[in-house]
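Protein chains in written order, with the working numbering: chain L, 1 to 161; chain Z, 1001 to 1161. Glycine residues also receive a C-beta, built at the ideal position from the N, C-alpha and C atoms. For clarity, every value in this text was computed on a predicted model and none was experimentally measured. Encoded as structure tokens, the structure appears first; notes follow it.
2 protein chains.
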Amino acid sequence: MRSRVNSEKPTVESDGRVDHVLDLLRESGGRVTTSRRVLLRCLFEESPHRTAEELGAEVQRVAPDVHMSTIYRNLDELERLGIIVHAHLGHGAATYHLSSDTHGHLVCENCAIAYEAPEDFFEELALTAMRDFQFVIDPRHFAVLGRCASCAAVEAEAEAN
Amino acid sequence: MRSRVNSEKPTVESDGRVDHVLDLLRESGGRVTTSRRVLLRCLFEESPHRTAEELGAEVQRVAPDVHMSTIYRNLDELERLGIIVHAHLGHGAATYHLSSDTHGHLVCENCAIAYEAPEDFFEELALTAMRDFQFVIDPRHFAVLGRCASCAAVEAEAEAN
DNA sequence: GCACAAATACGAGCTGAGTGCAAGAAGCAT
DNA sequence: ATGCTTCTTGCACTCAGCTCGTATTTGTGC
């Protein structure tokens, strides 16, 4: 199989980045397989946080017999290489995104909407954690749970009655 | 059965608090059962964060045929009444503790040690979240993941080589 | 092309969390 | 004490989200 598939329509830019990661993979003794290529393409496109299940479904739209266990193993491998990271957004499944795309998350416990918080959002907390506990926080790996503006308003309303 | 069992040895203080919660339970239409009494006693003793599994094991030491589903249902009920809250400390199971005991958590991703952070630890973050996203954070419900001092040191060492 | 290690598909199995239901017990009135 | 009602429980099962073992396929260097 050729290393560049032009018959599909992902942007040339993300295609180039996929190839770059595949090169890294090969250099580290890994192999370039269809499932990995497709998975990477999915990761480089659009939505920044998707669960393994969602990524699996997306991969299977293109390559229907890629098994979920393959998705999990590939996600692990990509994480080991530092290409992606996973985060736990509240109760459900972990979500994966590119490690270049460093941000934290604010997740509403009620409606599950997720906001992306910039890196400097956690600066203050990082300093306090270091000062009080000599603890190095990893704000990309956990979600800050709470209530989004509208859910908080609804609850305040309900409380008032 | 009498409402106070004097043949066992938990402190009179925690015993009193257990009875108080049992009263609340009864007032809200609930019933006082052995499993609930024992579970509450466990919750009022020692270690502030334990998983449902751990609490189940502890309850079963005293009352061997309390089923795990009962533990889960009772934890739910106690949470609904606002007696306890659960938090997600990293990857594994949720942990439960008394809601009077309000604190957040710092959990090392490597060695899983958990520090308890006082409420005002998250003050700055709460203000920032409100200002930037109109988001009300709930710092007791999630853990701040990262590296404890010693694990961070070990990793820095490894990195240097 | 060929050999060989690395990935894969498939399925079994696991943990944590919970549900539905019939049997059993708490609490109340008598 | 005795029903009676309603709440709880034990049990068996389910479900999501992963993880592992294994036989088979496939990428890659030669």
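By Cβ distance, which residues of its chain are closer than 6 Å to residue i, with the 5 residues on each side in sequence left out?
| i | result |
| --- | --- |
| His1097/Z | Pro1048 and His1049 |
| Cys151/L | Cys108, Asn110 and Cys111 |
| Cys148/L | Cys108 and Ile113 |
What does residue i reach in chain L if we use C-beta pairs closer than 8 Å?
| i | result |
| --- | --- |
| Glu1124/Z | Glu124, Leu125 and Thr128 |
| Ala1093/Z | Those do not exist, as Ala1093/Z stays about 12 Å from chain L at its closest Cβ, beyond 8 Å. |
For residue i, return the contacting residues in chain L, with the cut-off set at a CB-CB distance below 9 Å.
| i | result |
| --- | --- |
| His1086/Z | Per Cβ cutoff of 9 Å: no residues; His1086/Z is ~10 Å from chain L at best. |
| Ala1112/Z | The contacting residues do not exist; Ala1112/Z stays about 13 Å from chain L at best. |
| Arg1147/Z | Phe135, Val136, Ile137 and Asp138 |
| Ala1052/Z | By Cβ distance, chain L contributes nothing, its closest Cβ being about 14 Å from Ala1052/Z, past 9 Å. |
Helix, strand or coil for residue i? Go by DSSP, reduced to three states.
| i | result |
| --- | --- |
| Val66/L | coil |
| Met1001/Z | Summary for Met1001/Z: the model assigns pLDDT 42, below 50, so the residue's position carries little reliability, and this model does not support an answer. |
| Thr1034/Z | helix |
| Glu116/L | strand |
| Ile1084/Z | strand |
| Phe122/L | helix |
| Ala1094/Z | strand |
| His103/L | coil |
| Phe1142/Z | strand |
| Cys1111/Z | coil |
Taking C-alpha atoms, which residue in the options lies nearest to residue i?
| i | options | result |
| --- | --- | --- |
| Gly146/L | Pro118/L, Met130/L, Val107/L and Ile83/L | Val107/L |
| Glu1079/Z | Ala1158/Z, Thr1095/Z and Phe1122/Z | Thr1095/Z |
| Val1021/Z | Val1066/Z, Ser1099/Z, His1067/Z and Ile1071/Z | Ser1099/Z |
| Asp132/L | Leu1127/Z, Glu1053/Z, Phe1121/Z and Cys1042/Z | Phe1121/Z |
| Asn74/L | Leu127/L, Leu25/L, Gly92/L and Pro64/L | Leu25/L |
| Val1062/Z | Gly1082/Z, Tyr1072/Z, Ser1035/Z and Ala1117/Z | Ser1035/Z |
| Leu1039/Z | Ser1028/Z, Thr1051/Z and Gly1029/Z | Thr1051/Z |
| Gly30/L | Ala117/L, Leu81/L and Arg41/L | Leu81/L |
| Leu1043/Z | Thr1033/Z, Ser1028/Z and Val1085/Z | Val1085/Z |
| His1141/Z | Ala1153/Z, Glu1027/Z and Ala1093/Z | Ala1093/Z |
| Ser1028/Z | Asp1065/Z, Glu1157/Z, Glu1123/Z and Glu1077/Z | Glu1077/Z |
Sorted by chain position, which residues of the same chain lie with C-beta nearer than 8 Å to residue i's C-beta, five sequence neighbours on each side aside?
| i | result |
| --- | --- |
| Ala1143/Z | Ala1087, His1088, Leu1089, Gly1090, Gly1104, His1105, Leu1106, Val1107 and Ala1114 |
| Glu159/L | none |
| Asn1006/Z | Unreliable placement is indicated for Asn1006/Z, whose pLDDT of 41 sits below 50; the coordinate value is still reported in the next sentence. Within the same chain, Asn1006/Z has no close Cβ partners at all. |
| Glu1119/Z | Thr1102, His1103, Gly1104 and Pro1139 |
| Leu125/L | Ile137 and Pro139 |
| Ile1071/Z | Ser1035, Leu1039, Ala1052, Leu1055, Gly1056 and Val1059 |
Counting only the same chain and skipping the five closest in sequence on each side, list residues whose C-beta sits under 7 Å from that of residue i.
| i | result |
| --- | --- |
| Ala1129/Z | Phe1135 and Ile1137 |
| Arg37/L | Val18 and Leu22 |
| Met68/L | Gly56 |
| Ala164/L | Coverage of chain L is limited to positions 1 through 161, which leaves residue 164/L absent and any answer about it impossible. |
| Thr1032/Z | For clarity, residue 1032/Z is Val in the given sequence; the question names Thr instead. The answer, listed in chain order, is Leu1022, Leu1025 and Arg1026. |
| Ala1153/Z | none |
Using a Cβ cut-off of 7 Å, pull out every chain L residue sitting near residue i, in sequence order please.
| i | result |
| --- | --- |
| Tyr1115/Z | Phe133 and Phe135 |
| Phe1044/Z | Simply none; closest approach about 26 Å. |
Listing by chain order, which chain Z residues have their CB less than 7 Å from the CB of residue i?
| i | result |
| --- | --- |
| His141/L | Glu1109 and Leu1145 |
| Leu106/L | Ala1129, Phe1133 and Phe1135 |
Name the chain Z residues whose beta carbon is nearer than 9 Å to that of residue i?
| i | result |
| --- | --- |
| Ala152/L | Gln1134, Phe1135 and Val1136 |
Given 6 Å as the limit, tell me if residue i has its C-beta closer than that to any heavy atom belonging to the ligand COA.
| i | result |
| --- | --- |
| Phe135/L | Of ligands this structure carries none, so the ligand COA is not represented either. |
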